[in-house]
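Visitor:
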Amino acid sequence: MNSNFSFGLMNRQNKTVDYLIDALHEKKSMRKKHVPNVEFCMELIKYEEKDDHVIAVVKNTKSNVEEEIICQYLVGCDGVHSTVRKGINGWTFEGQTLKSSWALADVEIDHELVKYDQATSFVLNEGPIAAIPLDARKNTYRLVVKIGDENKNETNDHVTHGLTNKNHITLEELQKLIDERIAPIKLELKNPVWISNFKINERIVNRYRTGRVFIAGDAAHCHSPLGGQGMNLGIQDAHNLAFKLALVIRDQAADVNKLLDSYEHERYPVGKNVIEGTGFATKMVTGNDYITSFLRTRIAPILFHFFPQTVFKFQNNLLQNNLNYLPESSEILHKYKPRSGAENQLIEAGHYVQDGLLMKITSHKVHERITMFDVFRSTALKHTLILFTLNKGVTSDCNPLIETLLEIYNDYKNTITPIIISYQGVVQTADIPFMPFQEEGREQHIFVECKFELHEKYGVTKEFGQQAFVLIRPDLYIASAVFEDDVDKLKSFLDQYLVKADR
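Next comes the structure, spelled out in structure tokens:
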């Protein structure tokens, strides 16, 4: 994975919620505009969709007071028992409940085999036992244990966060089960934060949108917890949908239905793939039939030893690190085919952005280092249009494409932030007064790199010799990428995608 953070990070979901709420409070303290409130203990009772709005009735579960909310759109992020999903006939949650029973627990474990900086797994015929570190200071781990199997699969829709509850297992019962399976090893479990047992559900909705109503996260899909991708998948759903709804509500979308339909077109295949991938991995880890056991005990060790890249690719796919959207399945991705030959390596629409180191050019500090993701954080809800200039310079007199970038920016200044990335050797401090974007109060949007590493990550190479424009969506996926000879194709795409500022 091409990242400055190429490692797994296990974190409790309630902590992630705290981080997000703290970020909202920080924005409020900075007097940012349009920062929403998060209201807890609110339950959706019912809703009704009208031609141009949705009427929702919610109840405060503490005071039992109901209130009516009129909104343009409704998004159901209300889990596998989703009231939003169940509120419309024909919205189905298709799939199955697997026959295996499992236990989850956050407990303290003190044993030399269980390390605070790595996951520990016991692969047994009766089922796996895994300990995943949560808090090194307290020796707290997320314990995952397969309890057993039932005779047949269930097909009911009674699920909790992707998991079906059975009789509650106690710490003593869990300790006894582990002792019997891994004897003579003794893992002492202490001070449980919580313990739950469940059955794995593999389900996905038949659609993500009905008119003005959407669903996201566990309301739309649930799957095996292997890989810990449930929350990640839901946050990606929300990020994909949020910027599209923002464009629509601000009247900045050229085609409203095409934009909103793209949410399902892009996210449904991702949810389906995660369910299939985690399901396959769960079967490989837990299956006790001859073929599965042979693959797990004989073939898998050979793959791990002699073909690490194959295993690494599978892990990246399971963890959604190689996630890309397909232009042919989404109406808002540029279906661009360059006129150039086979040597073209330009990044394609639908791919996730590449990170890298840049330097910010200012009159007083030339070598202020910054990452590409730092740049994206500064562009907020707008799209980012990057001009990769190679060694052609950043002033209009030496690079005609600077004027082209300014022209596009002036047409779409409400929805696009322009960025220039050039080579350090061709940008001088003396050029700063003649650079674009010098109006008062505007953040510096011109960056350089010492080598052409970031250019090459985006497929803009010295050998090919053409500058390129790359349009990046607020959810950090490439909307369009064109070489300088095809800038008219970028303008045509933008005309069908975003509304110009003068409209």
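In my numbering, the protein residues as written are 1 to 503.
Ideal Cβ placement from N, Cα and C applies to all residues, glycine included.
1) For a quick check, are the C-beta atoms of Ile109 and Ala131 less than 8 angstroms apart?
2) Measuring CA to CA, which of Lys32, Met231 and Glu67 is closest to Val17?
3) CA-CA distance, Leu476 and Lys500?
4) Thinking C-alpha only, which one of Leu134, Gly127 and Arg142 is nearest Ile182?
5) For the alpha helix (DSSP H) containing Asp237, name the first residue and the last one.
6) Once DSSP output is grouped into helix, strand and coil, what is the label at Pro192?
7) Can you give me the C-alpha to C-alpha distance between Phe493 and Lys33, rounded to a whole angstrom?
8) Thinking C-alpha only, which one of Gln72, Leu98, Ile45 and Ala300 is nearest Glu66?
9) State the start and end residues of the unbroken beta strand (DSSP E) segment that holds His383.
10) Where does the unbroken beta strand (DSSP E) through Lys491 begin, and where does it stop?
11) Within the continuous alpha helix (DSSP H) that includes Met284, where are the two ends?
12) Alpha carbon to alpha carbon, how far is Glu173 from Ala242? Give it in angstroms, no decimals.
13) Tell me the rounded alpha-carbon separation between Lys489 and Tyr497.
14) Find out if the Cβ-Cβ distance for the pair Ile70, His53 is shorter than 8 angstroms.
15) Below 8 angstroms on the Cβ atoms is my contact criterion, and I expect Phe93 with Val205 to pass it. Report the Cβ-Cβ distance as a whole number of Å.
16) Among the candidates Gly350, Met42, Val248 and Phe304, whose CA atom is the shortest distance from the CA of Asn322?
17) For Gln175, which residues of its own chain have a beta-carbon under 7 angstroms away from its beta-carbon, when the five flanking residues on both sides are left out?
18) So is Gly465 buried or exposed if we call it buried at 16+ other beta carbons inside 10 Å?
19) How big is the Cα-Cα spacing for Asp117 and Asp486?
20) Give the single residue among Leu226, Asp51 and Glu264 whose Cα lies nearest to the Cα of Met10.
21) Check His221 in the structure and name its three-state DSSP category.
22) May I ask you to report which of helix, strand or coil DSSP gives Thr417?
23) Where does Asp179 sit, in a helix, a strand or coil, going by DSSP?
24) Kindly confirm or deny that the stretch 377–386 and the stretch 415–430 touch, where touching means at least three C-beta pairs closer than 8 angstroms.
25) Identify whether Pro327 lies in helix, strand or coil by the three-state DSSP scheme.
26) To the nearest angstrom, report how far apart Tyr141 and Ile129 are at their CA atoms.
27) With distances taken between CB atoms, is the gap from Met372 to Asp397 smaller than 8 angstroms?
28) Just verifying my parser: in three-state terms, what is the DSSP assignment at Lys94?
29) Does the beta-carbon of Phe447 have 16 or more other beta-carbons within 10 angstroms, so that it is buried, or is it exposed?
30) Hey, out of Ile275, Val193 and His239, whose CA is closest to Gly228's CA?
31) Mind checking whether Ile408 and Lys491 have CB atoms under 8 angstroms apart?
32) Does DSSP classify Val17 as helix, strand or coil?
33) Taking the straight line between their C-alpha atoms, what separation do you get for Asn391 and Leu405?
34) Rounded to a whole number of angstroms, what is the C-alpha to C-alpha distance between Val540 and Pro133?
35) With the cut-off set at 8 angstroms, would you say Val470 and Phe388 are in Cβ contact?
36) Contact between the stretch 298–315 and the stretch 451–462 is defined here as three or more beta-carbon pairs at a separation below 8 angstroms; is this criterion met?
Guide: A quick look at the data gives this:
1) Numbered from its first residue, the sequence shown carries residue 109 at position 109. Numbered from its first residue, the sequence shown carries residue 131 at position 131. Yes, the Cβ-Cβ distance between Ile109 and Ala131 is below 8 angstroms.
2) Stepping through the sequence shown from its first residue, residue 17 is reached at position 17. Among Lys32, Met231 and Glu67, the Cα nearest to that of Val17 is on Met231.
3) For the purposes of this step, residue 476 is taken as residue 476 along the sequence shown, with counting starting at 1. For the purposes of this step, residue 500 is taken as residue 500 along the sequence shown, with counting starting at 1. Between Leu476 and Lys500, the C-alpha separation is close to 21 angstroms.
4) As a first step, residue 182 is located in the sequence shown; it is residue number 182 there, counting from the start. Among Leu134, Gly127 and Arg142, the Cα nearest to that of Ile182 belongs to Gly127.
5) Counting from 1 along the sequence shown, the entry for residue 237 is found at position 237. Note, Asp237: alpha helix (DSSP H), Gly230 to Ile249.
6) As a working mapping, residue 192 is identified with position 192 in the sequence shown. The answer is strand: DSSP assigns Pro192 an E or B state.
7) Residue mapping note: residue 493 aligns to position 493 of the sequence shown, counting from 1. Residue mapping note: residue 33 aligns to position 33 of the sequence shown, counting from 1. One C-alpha to the other measures close to 30 angstroms.
8) For this step, residue 66 is matched to residue 66 along the sequence shown. For the residues Gln72, Leu98, Ile45 and Ala300, the minimum Cα distance to Glu66 belongs to Ile45.
9) Reading the sequence shown from its first residue, position 383 is the one you call residue 383. Unbroken beta strand (DSSP E) run through His383: His383 to Phe388.
10) Residue mapping note: residue 491 aligns to position 491 of the sequence shown, counting from 1. DSSP places Lys491 in no beta strand (DSSP E) but in the uninterrupted alpha helix (DSSP H) bounded by Val487 to Tyr497.
11) Taking the sequence shown and counting its residues from 1, one reaches residue 284 at position 284. In the DSSP assignment, Met284 falls within the unbroken alpha helix (DSSP H) covering Val256 to Thr286.
12) In the sequence shown, the residue the question calls residue 242 occupies position 242. In the sequence shown, the residue the question calls residue 173 occupies position 173. Roughly 44 angstroms between the two C-alpha positions.
13) Start at 1 with the first residue of the sequence shown, and residue 489 comes out as number 489. Start at 1 with the first residue of the sequence shown, and residue 497 comes out as number 497. So the alpha carbons of these two residues sit roughly 12 angstroms apart.
14) Mapped onto the sequence shown, residue 70 falls at position 70. Mapped onto the sequence shown, residue 53 falls at position 53. Contact: yes.
15) Here residue 93 corresponds to residue number 93 of the sequence shown, with the count starting at 1. Here residue 205 corresponds to residue number 205 of the sequence shown, with the count starting at 1. Their Cβ separation, rounded to whole angstroms, is 6 angstroms, which keeps Phe93 and Val205 in contact under 8 angstroms.
16) Within the sequence shown, numbered from 1, the residue matching residue 322 stands at position 322. Distance check between Asn322 and each of Gly350, Met42, Val248 and Phe304 places Gly350 closest, using alpha-carbon atoms only.
17) For the purposes of this step, residue 175 is identified with residue 175 of the sequence shown, where counting begins at 1. Closer than 7 angstroms at the Cβ level, and outside the excluded window around Gln175, lie Leu189.
18) In the sequence shown, residue 465 corresponds to position 465, counting from 1. Under the 10 Å beta carbon count, Gly465 is surrounded by fewer than 16 other beta carbons and is classified as exposed.
19) Locating residue 117 in the sequence shown gives position 117, where the first residue counts as 1. Locating residue 486 in the sequence shown gives position 486, where the first residue counts as 1. As the crow flies, the alpha-carbon of Asp117 is around 49 angstroms from that of Asp486.
20) In the sequence shown, the residue the question calls residue 10 occupies position 10. Taking only the C-alpha atoms, the option nearest Met10 is Leu226.
21) Stepping through the sequence shown from its first residue, residue 221 is reached at position 221. Residue state, collapsed to three classes: strand.
22) Start at 1 with the first residue of the sequence shown, and residue 417 comes out as number 417. Strand.
23) Here residue 179 refers to the residue found at position 179 of the sequence shown. In the structure shown, the three-state DSSP call for Asp179 is helix.
24) Taking 8 angstroms as the limit for Cβ pairs, the verdict is that the stretch 415–430 does touch the stretch 377–386.
25) For this step, residue 327 is matched to residue 327 along the sequence shown. The answer is helix: DSSP assigns Pro327 an H, G or I state.
26) Working through the sequence shown from its first residue, we reach residue 141 at position 141. Working through the sequence shown from its first residue, we reach residue 129 at position 129. Distance from the CA of Tyr141 to the CA of Ile129, rounded to the nearest whole angstrom, comes to 12 angstroms.
27) Taking the first residue of the sequence shown as 1, we reach residue 372 at position 372. Taking the first residue of the sequence shown as 1, we reach residue 397 at position 397. Inclusion of Met372 and Asp397 in the CB contact set at 8 angstroms is not warranted, their separation being larger than that value.
28) On the sequence shown, residue 94 is found 94 positions in, with the first residue counted as 1. The amino acid occupying residue 94 in the given sequence is Glu; Lys does not appear at that position. Judged by DSSP in its simplified three-state form, Glu94 adopts strand.
29) Taking the first residue of the sequence shown as 1, we reach residue 447 at position 447. Using a 10 angstroms sphere on the CB of Phe447, the tally of other CB atoms reaches 16 or more, which defines it as buried.
30) As a first step, residue 228 is located in the sequence shown; it is residue number 228 there, counting from the start. Looking at Ile275, Val193 and His239, the one whose alpha-carbon comes closest to that of Gly228 is Ile275.
31) Mapped onto the sequence shown, residue 408 falls at position 408. Mapped onto the sequence shown, residue 491 falls at position 491. Between Ile408 and Lys491, the gap from beta carbon to beta carbon is short of 8 angstroms.
32) Stepping through the sequence shown from its first residue, residue 17 is reached at position 17. Secondary structure of Val17 (DSSP, three-state): helix.
33) Locating residue 391 in the sequence shown gives position 391, where the first residue counts as 1. Locating residue 405 in the sequence shown gives position 405, where the first residue counts as 1. Roughly 16 angstroms separates the two Cα atoms.
34) No statement about residue 540 is possible, as the shown extent of the chain runs from 1 to 503 and does not include it.
35) The sequence position of residue 470 within the sequence shown is 470, counting from 1. The sequence position of residue 388 within the sequence shown is 388, counting from 1. Cβ atoms of Val470 and Phe388: closer than 8 angstroms.
36) The answer is no - the stretch 451–462 does not touch the stretch 298–315, with fewer than three Cβ pairs under 8 angstroms.
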